[in-house]
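If you read the protein sequences in the order shown, they are chains A and B.
Each residue of the first sequence is one higher than the one before, counting from 16 in this note's numbering.
Each residue of the second sequence is one higher than the one before, counting from -6 in this note's numbering.
Below is one structure, written out as structure tokens; the observations come after it.
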Amino acid sequence: AQSVAQPEDQVNVAEGNPLTVKCTYSVSGNPYLFWYVQYPNRGLQFLLKYITGDNLVKGSYGFEAEFNKSQTSFHLKKPSALVSDSALYFCAVRDMNRDDKIIFGKGTRLHILP
Amino acid sequence: DGGITQSPKYLFRKEGQNVTLSCEQNLNHDAMYWYRQDPGQGLRLIYYSQIVNDFQKGDIAEGYSVSREKKESFPLTVTSAQKNPTAFYLCASSHTALNPNGYTFGSGTRLTVV
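Pasting the structure below:
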């Protein structure tokens, strides 16, 4: 089955520093990968996706993600973190073997320290 | 504006009672999904529906039931058979399961058993 793993439960970054939230995936075939963000007591919001094309994908709020096929990774990045970026981030993959449903990782809580 | 609405935002249930969570969308999406979110466990799929009058069990369907009588509505009933129902419940929708843009999420319902 397709899956994604987020190895870090929490990431702490000082405001203004670059941030990275890690994600690795396991799929058969070409992956459809997503990043979502969740603020407290809210639903998930779509940030960006990778389907095909350039390995560097740009998304909302200045976020980007780098697709690396050889390392099976799809890390989320931002050059300069803001306190308002503090939230829960989910990596996700479409599971081609299960009615194309999207499978979510367990989430990484990002704390931006002022 | 188009969107997906979940109600109520907070819900309290006594042990042994059934409760129904509402999910309505005006996005003309065919597919709808119910997830349960617990701290540290990410999102787990309860039920999904790809078309009116049809739905399938997800990974944790026991103790839950759904209906899909209208395209825009996908209510979730948490029955007394669900032994640990306290959680945050998220509803989502997409044009089809194959939609490359992923899912649109509601704002969630927090259910607490008292």
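For each residue, glycine too, the CB sits at the ideal point set by N, CA and C.
Could you give the uninterrupted runs of the beta strand (DSSP E) lying entirely in the stretch 25 to 95 of chain B, keeping only those of 3 residues or more?
Segments of the beta strand (DSSP E) lying fully in the stretch 25 to 95 of chain B: 35 to 44, 47 to 50, 57 to 59, 69 to 71 and 80 to 87.
Looking at R61 (chain B): is its Cβ nearer than 9 Å to the Cβ of D47 (chain B)?
For R61 (chain B) and D47 (chain B), yes; Cβs fall inside 9 Å.
Return yes when the Cβ of A20 (chain A) is within less than 9 Å of the Cβ of Y47 (chain A), no when it is not.
Their beta carbons are not under 9 Å apart, which means Y47 (chain A) does not touch A20 (chain A) by this criterion.
By DSSP, does Y76 (chain A) sit in helix, in strand, or in coil?
Note: Y76 (chain A) maps to helix in three-state DSSP.
Please say whether Y26 (chain B) and Y96 (chain B) have beta carbons closer to each other than 9 Å?
Yes; because the gap between Cβ atoms is below 9 Å, this pair is in contact.
Have a look at the DSSP bridge pairing and note the partners of I117 (chain A).
In the DSSP output, where bridge partners are listed per residue, I117 (chain A) has A:R109.
So if I threshold CB-CB distances at 8 Å, which residues from the stretch 56 to 69 of chain A count as touching chain B?
Residues passing the 8 Å Cβ filter: N56, R57, G58, L59, Q60, F61, K64 and I66.
Among the residues of its own chain, which have a CB less than 7 Å from the CB of S58 (chain B), if the five just before and after it don't count?
Closer than 7 Å at Cβ, skipping near neighbours: T70 and T72.
Taking Cβ-Cβ distances shorter than 7 Å, what residues in chain A pair up with G(-4) (chain B)?
Per Cβ cutoff of 7 Å: no residues; G(-4) (chain B) is ~10 Å from chain A at best.
Using CA atoms only, rank isn't needed, just tell me which of B:T102, B:Q10 and B:G(-4) is closest to Q75 (chain B).
Among B:T102, B:Q10 and B:G(-4), the Cα nearest to that of Q75 (chain B) belongs to B:Q10.
By the criterion of Cβ-Cβ separation under 7 Å, what are the contact partners of G122 (chain A) in chain B?
Ordered by position in chain B, the residues that pass the 7 Å Cβ test against G122 (chain A) are G35.
Go to Q(-1) (chain B), then tell me how far its beta strand (DSSP E) extends in each direction, as first and last residue.
Run containing Q(-1) (chain B): I(-3) to S0, per the beta strand (DSSP E) assignment.
Would DSSP call V42 (chain A) helix, strand or coil?
In the structure shown, V42 (chain A) sits in coil (DSSP, three-state: anything other than H, G, I, E or B).
Can you tell which of A:R124, A:T123, A:F49 and A:F119 has the C-alpha that lies nearest to the C-alpha of A16 (chain A)?
Residue A:F119 is the option with its Cα nearest to A16 (chain A).
Which residues bound the beta strand (DSSP E) around K64 (chain A)?
Where K64 (chain A) is concerned, the enclosing beta strand (DSSP E) stretches over L59 to Y65.
Would you verify that the beta carbon of F48 (chain B) is, or is not, closer than 9 Å to some beta carbon of chain A?
Not closer than 9 Å to any Cβ of chain A, the Cβ of F48 (chain B) fails to qualify, so no.
To which residues does DSSP link Y51 (chain A) through a beta bridge?
A:F61 and A:F105, per the DSSP bridge assignment.
To which residues does DSSP link L71 (chain A) through a beta bridge?
L71 (chain A) is bridged to A:E81.
So, for R6 (chain B): in the same chain, excluding its five sequence neighbours on each side, which residues have a beta-carbon less than 8 Å away from its beta-carbon?
Within the same chain, R6 (chain B) has close Cβ partners V12, V71, P78, L104, T105, V106 and V107.
How would you list, in chain order, the residues of chain A whose beta-carbon sits under 8 Å from the beta-carbon of Y96 (chain B)?
By Cβ distance, chain A contributes L59, F61 and I117.
Determine which residues share a DSSP beta bridge with Q25 (chain A) and list them.
For Q25 (chain A), which the question treats as bridged, DSSP gives the partners A:R124.
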